[in-house]
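Below is one structure, written out as structure tokens; comments come after it.
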Amino acid sequence: MQTPVTTSEEFVTRWRTPPNFPVAAPLVPFEFQFPKAVDILDHIRRDNEVRYTVLDPDDWQVRLDRTAAFRSAPLEELLTWRFRLVHFNLSRFYKDFLEGFQNDVMTPWRTFLSAQGFTWQRCAPLLFISSQGAASTYHNDNSHGLVWQVEGVKAFHSYVDPDRVLAAEDAVIGKTTAEEPPAHNEAERLSIRMEPGDTLWSHALTPHWVTSETPLSMSINLSHGALCHHGVYAEREVALRRYWDDHPAEAWLHDLRNTRY
């Protein structure tokens, strides 16, 4: 179990190198009163930018039918399904159920980062909702994330030493993504149980997966693109920058490649 980071000095020391670590509540300079997860689910599932996956049952036809009906099915029925949902553009709701989020969460967090000497190109919130027993894919992100558990309980799984499991160069070209993690020794795994109000730092390009332990689990991930400290990137992200330099025609470079101060 990783010990929580409790001071800004320790955060600055540990952010560059895995493994993931919890962040103590006093270090997180924000709070926000969210609606209930069930109400956000019912609202956001109808938005045309939401992404969702129905995970059961094994009968593919039933799964296809539920996928087609996800936006309009009775809420009581939907809550009996196993699913995961994500929304990558929460600014659409800043005048809706997230009114005040920019001032109460994003501005204090960006101010905290800036005061410690960090710069970034993108710092944006992502929303995740999943039902009990649901699991994310096994994957890595190109960006660092401050994961904030809002409602319910989930476990965030990664590795004590990600370099032994997946080299940064392999993570960059997508050798991580799968529905389930590969077979591994449990002693190599780092699992952090997250309850409401808990936060953790998820390093860029580290393989991980998430499992939900309560009827509904809702979390916010503050995603940081091109994050660096006094102009220095995290160790694994250097591989990403090197790859982009070698492949300048990649279509998605406009989002993260060039740091803006």
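Counting the sequence shown from 1 gives a position; this note's numbering is that position plus 41.
Ideal placement from N, C-alpha and C gives every residue a C-beta, glycine not left out.
In this text, all values refer to a predicted model and were calculated from it rather than measured experimentally.
Roughly how many angstroms lie between the CA atoms of residue i and residue j, to the nearest whole one?
i, j, result
"TRP189", "ALA290", "34 Å"
"PHE169", "ASN262", "8 Å"
"PRO45", "VAL64", "5 Å"
"TYR302", "ALA245", "Residue confidence is low: TYR302 scores 28 on pLDDT, short of 50, so the model does not pin down where it sits. Its coordinate-derived value is still stated next. Each residue's Cα considered, the two are about 20 Å apart."
"SER260", "VAL146", "14 Å"
"GLU140", "GLU227", "42 Å"
"LYS216", "GLY186", "20 Å"
"HIS270", "PHE159", "4 Å"
"LEU68", "GLU221", "33 Å"
"ALA66", "ARG87", "33 Å"
"LEU116", "GLN102", "21 Å"
"ASN144", "PHE52", "23 Å"
"GLU50", "ALA209", "26 Å"
"TYR200", "LEU105", "34 Å"
"LEU167", "THR240", "14 Å"
How is residue i classed by DSSP in three states: helix, strand or coil?
i, result
"TRP102", "The question names Trp, yet the displayed sequence has Gln at residue 102. Correct three-state label for GLN102: helix."
"ARG298", "For ARG298, the predicted model reports a pLDDT of 49, less than 50, meaning its position is unreliable and no value from the coordinates is stated."
"ARG277", "coil"
"TYR284", "helix"
"ASN262", "strand"
"TRP250", "strand"
"ILE81", "helix"
"ARG133", "helix"
"PHE159", "strand"
"PRO149", "helix"
"GLU221", "coil"
"VAL69", "coil"
"PHE52", "helix"
"PHE142", "helix"
Spatial neighbours of residue i within its chain, please: CB distance less than 6 Å, with the 5 preceding and 5 following residues excluded, ordered by chain position.
i, result
"GLY266", "GLN162, ARG163, SER184, LEU297"
"ASN299", "Note that ASN299 has pLDDT 46, beneath the 50 cutoff, so the model's placement of it is unreliable and the number below is only indicative. None."
"ARG234", "ALA196"
"TYR284", "VAL213"
"HIS180", "THR217, THR218"
"SER258", "SER171, GLY193, LYS195"
Per DSSP, residue i is paired with what?
i, result
"THR94", "ARG125"
"ALA303", "Residue coverage of the chain in this structure runs from 42 to 302, which leaves residue 303 outside it and unanswerable."
"VAL206", "Paired residues: none, contrary to the question."
"LEU168", "HIS128, ILE261"
"SER243", "GLY186"
"SER199", "LEU231"
"HIS271", "For HIS271, which the question treats as bridged, DSSP gives no partner whatsoever."
"ALA176", "THR252"
"GLU192", "MET259"
So, residue i versus residue j, is the Cβ gap smaller than 8 Å?
i, j, result
"PRO149", "PHE71", "yes"
"ALA212", "PRO248", "yes"
"GLN173", "THR121", "no"
"LEU82", "ARG123", "no"
"SER171", "LEU126", "yes"
"VAL251", "PHE75", "no"
"PHE111", "TYR135", "no"
"LEU207", "ASN61", "no"
"GLY193", "ALA78", "yes"
"ARG205", "GLU236", "no"
"HIS84", "PHE129", "no"
"PHE153", "PHE73", "no"
"ARG133", "GLU90", "yes"
Give me, in chain order, the residues of the same chain whose beta-carbon lies closer than 7 Å to that of residue i; leave out the 5 immediate sequence neighbours on both sides.
i, result
"GLU276", "ARG57, THR58"
"ALA165", "SER264"
"ALA175", "LEU96, ARG123, PHE124, ARG125, SER253"
"GLU278", "ALA245, LEU246"
Got a sec? Which residues, its chain only, sit under 8 Å from residue i by beta carbon, not counting five neighbours each side?
i, result
"HIS295", "Its pLDDT being 48, under 50, HIS295 is placed unreliably in this model, and the value from its coordinates should be taken loosely. If we look at HIS295 and ignore the five residues flanking it on each side, it has no Cβ neighbours."
"THR47", "ALA65, PRO67, LEU68"
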